[in-house]
Amino acid sequence: MAQLIAITIMLLAVAIAPGLAVGSSSSVINATCTALKPLQPYDYCVGVLSADPAAAAATDVPGVAAAAVNITAVKAASTLRVITYLVDELTTCRGYYSNLVKSLADVRVDLGAGRFSNASLEISANATGVPNDCDILLFEGNAHKDPFTQENGENDLLVRLASAIIGLLNKNLVNHGF
Numbered sequence: 001m002a003q004l005i006a007i008t009i010m011l012l013a014v015a016i017a018p019g020l021a022v023g024s025s026s027s028v029i030n031a032t033c034t035a036l037k038p039l040q041p042y043d044y045c046v047g048v049l050s051a052d053p054a055a056a057a058a059t060d061v062p063g064v065a066a067a068a069v070n071i072t073a074v075k076a077a078s079t080l081r082v083i084t085y086l087v088d089e090l091t092t093c094r095g096y097y098s099n100l101v102k103s104l105a106d107v108r109v110d111l112g113a114g115r116f117s118n119a120s121l122e123i124s125a126n127a128t129g130v131p132n133d134c135d136i137l138l139f140e141g142n143a144h145k146d147p148f149t150q151e152n153g154e155n156d157l158l159v160r161l162a163s164a165i166i167g168l169l170n171k172n173l174v175n176h177g178f
């Protein structure tokens, strides 16, 4: 009787073991990925397909193919959402930078006319921080991607440099009549 129970438990364990194997790939996935080896990296193929419940449950290559198409469609739709968010956020950044360029043109006019106080006020109020506003929008926005962090950083440093120099001119004008 004890031997019968042991055999029953062993058979039950063998029967349910494949379903308990976490991250294991099916023979259909292995065979499919092996057949694709010259074209697709085997580990990537097995990893992607094994992580998908529909692919892991597939019993034939058409089932694996359908799962692969579904995986791709979900990823493509997600990428499209990110692109849509980026377009919206970049449009806002374009507005920020359009205003920045206009403000800097006004600052140049004020500098050329010797109106250092006006130039200082204009650059401080309408230019300083604009690149960071764009950077923050892209970082915290829905896309969570900033395709030009470096450019925003460089523009921020340049605006701050120009603002500081104009501030120095304005301070020297007030203090020394220069």
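In full-length UniProt numbering, the protein residues as written are 1 to 178.
A virtual CB, placed ideally from N, CA and C, is assigned to each residue, including glycine.
Extent of the continuous alpha helix (DSSP H) run through residue i
{"i": "Pro131", "result": "Val130 to Glu140"}
{"i": "Asp106", "result": "Val61 to Gly112"}
{"i": "Phe116", "result": "Phe116 to Asn126"}
{"i": "Asp43", "result": "Tyr42 to Ala51"}
{"i": "Ser27", "result": "Ser27 to Ala35"}
Cut-off 6 Å between Cβ atoms - residues of its own chain near residue i, not counting five sequence neighbours on either side
{"i": "Asn152", "result": "Pro131, Cys134 and Asp135"}
{"i": "Leu49", "result": "Ile29 and Ala55"}
{"i": "Val61", "result": "Thr32"}
{"i": "Thr59", "result": "none"}
{"i": "Asn126", "result": "Ser103"}
{"i": "Ser128", "result": "The amino acid at residue 128 is misidentified as Ser; the sequence shows Thr. Taken in chain order, the residues that qualify are Val159 and Ser163."}
{"i": "residue 212", "result": "Outside the displayed range of the chain (1 to 178) lies residue 212, so it cannot be described from this structure."}
Beta-carbon contacts of residue i that lie in its chain and below 8 Å, excluding the five residues immediately before and after
{"i": "Asn170", "result": "Phe116, Ser117, Ala119 and Ser120"}
{"i": "Val22", "result": "Bear in mind that the predicted position of Val22 carries a pLDDT of just 40, short of 50, making it too unreliable to give a figure here."}
{"i": "Asp146", "result": "Asp135, Leu138, Phe139 and Asn152"}
{"i": "Gln150", "result": "none"}
Status (buried if at least 16 other CB within 10 Å, exposed otherwise) for residue i
{"i": "Ile29", "result": "buried"}
{"i": "Ser163", "result": "buried"}
{"i": "Leu158", "result": "exposed"}
{"i": "Ser25", "result": "buried"}
{"i": "Leu80", "result": "exposed"}
{"i": "Glu89", "result": "buried"}
{"i": "Leu111", "result": "buried"}
{"i": "Leu161", "result": "exposed"}
{"i": "Val64", "result": "buried"}
{"i": "Leu100", "result": "buried"}
{"i": "Ala67", "result": "buried"}
Any chain B beta carbon closer than 7 Å to residue i
{"i": "Asp52", "result": "Absent from the structure is chain B; it holds one protein chain and no more."}
Contacts around residue i, its chain only, beta-carbon distance under 7 Å, and the 5 residues preceding and following it disregarded
{"i": "Asn155", "result": "Pro131"}
{"i": "Gly167", "result": "Ser120"}
{"i": "Val46", "result": "Ser25, Ile29, Asn30 and Cys33"}
{"i": "Leu36", "result": "Cys45"}
{"i": "Gly141", "result": "Tyr85 and Glu89"}
{"i": "Thr92", "result": "Leu137"}
{"i": "Asp106", "result": "Glu122"}
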